[in-house]
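Worksheet: the structure to be examined is printed underneath.
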C-alpha cells in the first residue's frame with residue numbers, strides 16, 4: 001500500500017489535470033507522521049535521481065525542521081547531496097520565519113544569523129510566512145530554478161501545514177495549496193498535518209484538497225480514553241512502536257479506495273507490513289470477563305446437531321416438506337404431507353403438481369369475491 005503512494009507521487013500529473021496531493025496526518029496517540037513524511041521524501045528523491053519520476057526536482061518547504069535535518073536525512077540514505085544540489089532546493093521557513101533575526105541584525109543588536117540559515121547552497125531563507133502569496137511565488141521560483149521553464153515538472157514537500165495555519169487563515173492556506181496543485185509545472189505535492197491541533201472542519205478542508213489521505217492511528221485504543229491505570233501503560237508502550245496506517249485514494253473517476261497496513265517504527269527506520277487477520281487475537285489484550293468467549297467440544301457437537309427450521313431432513317428416509325405448522329416429530333405418526341416418491345419424475349409425462357398450504361385451518365377457500373368489497377373508497 002505504501003508503494004501505491006510512492007507510485008502515485010512518482011508518476012505525477014496527467015496533462016490538463018491537477019497534480020496528485022497527499023495529506024499525511026497523525027495525532028498525539030500515534031505521532032509517526034514525520035517518519036512517514038521523511039520516508040516519502042527519501043523514496044521520491046531517489047526516483048528523481050534515477051530518472052524514474054515525472055518530476056525532475058524537489059522543493060522542500062521546511063517549517064518544523066531545519067534544512068540540515070533533510071540534508072542529513074538524504075545523506076544517511078546514501079544520497080550525495082553535494083552532487084545533486086541541482087535537483088533539490090529547501091525553502092527555509094524555520095530559521096527566521098517572521099524576519100525578527102534579520103531586523104535584530106539590522107539594528108546591530110544581533111551579530112549574525114546562525115549557521116542553520118547558511119547550511120549550504122541548497123537552502124534559501126524565507127522570512128514572510130504570514131504572506132501566502134509571497135510564499136507561493138518563492139516556491140515556484142525555486143522550482144523553476146531547478147528545472148527551468150517549459151513543461152518540465154518538479155515536486156513539493158511541505159513538512160508542516162500546522163505552521164502555515166498558525167500564521168494564516170485556512171482560506172489562504174487552501175488557496176495556496178490549490179494554486180500549487182493546478183500549476184502546469186507541479187508534478188506532485190504532499191504535506192504533513194497534526195489533526196488533533198485543529199478543528200474538524202480545518203482538517204476536512206485539507207483532506208478535500210488531497211487526492212490521497214494517509215492517516216496514522218494507534219494499534220490499540222486506550223480504555224475510556226484514560227492513561228492512568230496499569231493496563232493502559234502497556235498499551236501506550238505498545239502504541240509507541242507501531243500503529244495502523246490507513247490510506248484513502250480518490251480516483252479520477254470519482255471512486256474511493258481504502259487500504260490499511262501496519263507501520264513499525266524501528267531504530268533502522270520505518271517498515272510497513274500487512275495487518276494481521278481478524279482471527280488472530282493477542283490473548284494478552286483480550287479483556288478479562290466472567291464468561292468464556294470460546295465453545296467447548298461438547299458445545300460444538302450440540303450446536304452441529306441442532307435441527308434448523310425448514311431444513312430438509314433425509315437421513316435415508318423419504319424427504320418431507322415442513323409446512324411450518326407441525327413438528328417433524330409429530331409428522332412421524334401422520335400421513336406425510338408430500339413425499340419424494342409421490343412427485344412425478346417421469347420426464348415424458350409432461351405433467352406437474354402444484355401443492356398449496358393455507359396459512360391456517362381457518363382460512364377460507366379462494367373465491368371470486370372481492371375481499372375489499374366492504375370498503376367505502
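In UniProt numbering, the protein residues as written are 1 to 377.
Note that beta-carbon positions come from the ideal geometry of N, C-alpha and C, so glycine has one too.
query, result
"Answer with buried or exposed for residue 217, where buried requires no fewer than 16 other C-beta atoms within 10 angstroms of its C-beta.", "buried"
"If I'm right that residue 23 touches residue 213 with Cβ under 8 Å, what's the distance once you round it to whole angstroms?", "5 Å"
"Use the C-beta contact count for residue 353: other C-beta atoms within 10 angstroms, 16 or more gives buried, fewer gives exposed.", "exposed"
"Check for me: the beta strand (DSSP E) holding residue 153 runs from which residue to which?", "153 to 158"
"Using a C-beta cutoff of 8 Å, does residue 73 count as contacting chain D?", "Any reference to chain D falls outside this structure, which holds one protein chain only."
"When DSSP labels each residue in this structure, what does residue 383 get in the three-state scheme?", "Summary: the structure shown does not reach residue 383, with the chain confined to residues 1 through 377, and so no result is reported for it."
"Hey, how far is the Cα of residue 190 from the Cα of residue 40?", "9 Å"
"Contact defined as beta carbons within less than 8 Å: I believe residue 62 pairs with residue 159. What is the distance between those atoms, to the nearest angstrom?", "5 Å"
"Would you identify the three-state DSSP class for residue 167, choosing helix, strand or coil?", "helix"
"What is the rounded straight-line gap between the Cα of residue 169 and the Cα of residue 185?", "26 Å"
"Decide if the stretch 44 to 62 is in contact with the stretch 6 to 21; the criterion is three or more beta carbon pairs, one per stretch, under 8 Å apart.", "yes"
"Where does residue 291 land, buried or exposed, given buried means 16+ other C-beta within 10 angstroms?", "exposed"
"Whose C-beta lies closer than 6 Å to the C-beta of residue 67 among residues of the same chain, with five residues either side of it excluded?", "90, 92, 119 and 123"
"In terms of alpha-carbon separation, which member of 173, 179, 220 and 150 lies closest to residue 206?", "173"
"Note down, in chain order, each residue of its chain lying with its Cβ closer than 6 Å to the Cβ of residue 164, except the 5 sequence neighbours on either side.", "173"
"Give the DSSP-derived three-state secondary structure of residue 425 in the structure shown.", "No information on residue 425 is available, as it lies outside the stretch 1 to 377 that the chain covers here."
"Name the residue from 294, 55, 296 and 270 whose alpha carbon lies nearest to the alpha carbon of residue 77.", "270"
"What number of angstroms, rounded off, separates the C-alpha of residue 240 from the C-alpha of residue 133?", "39 Å"
"Run the CB neighbour count on residue 16, radius 10 Å, all protein chains shown included, and call it buried at 16 or more, exposed below.", "exposed"
"What does the alpha-carbon distance come out to for the pair residue 275 and residue 142?", "40 Å"
"Taking 8 Å as the cut-off, decide whether the C-beta atoms of residue 25 and residue 19 are in contact.", "no"
"What residues are listed by DSSP as bridge partners for residue 26?", "194"
"Going by beta-carbon coordinates alone, are residue 272 and residue 263 separated by less than 8 Å?", "yes"
"Between the C-alpha atoms of residue 48 and residue 96, what's the straight-line distance to the nearest angstrom?", "29 Å"
"How big is the Cα-Cα spacing for residue 267 and residue 35?", "11 Å"
"Verify whether the separation of the beta carbon atoms of residue 246 and residue 258 is less than 8 Å.", "yes"
"Please classify residue 88: does DSSP put it in a helix, a strand, or coil?", "strand"
"Let me know if residue 372 comes out buried or exposed under the rule of 16 or more other beta-carbons within 10 Å of its beta-carbon.", "exposed"
"Going by beta-carbon coordinates alone, are residue 38 and residue 195 separated by less than 8 Å?", "no"
"Quick check on residue 157: buried or exposed, where buried means 16 or more other Cβ atoms within 10 Å of its Cβ?", "buried"
"When the Cα atoms are used, what is the spatial distance from residue 98 to residue 65?", "16 Å"
"Could you check the C-alpha separation between residue 181 and residue 293 for me, to the nearest Å?", "52 Å"
"Roughly how many angstroms lie between the CA atoms of residue 152 and residue 220, to the nearest whole one?", "45 Å"
"Which class does residue 55 belong to by DSSP, given the choice of helix, strand or coil?", "strand"
"Looking at residue 146 and residue 87, is the spacing between their C-beta atoms short of 8 Å?", "yes"
"Roughly how many angstroms separate the alpha carbons of residue 56 and residue 135, rounded to a whole number?", "21 Å"
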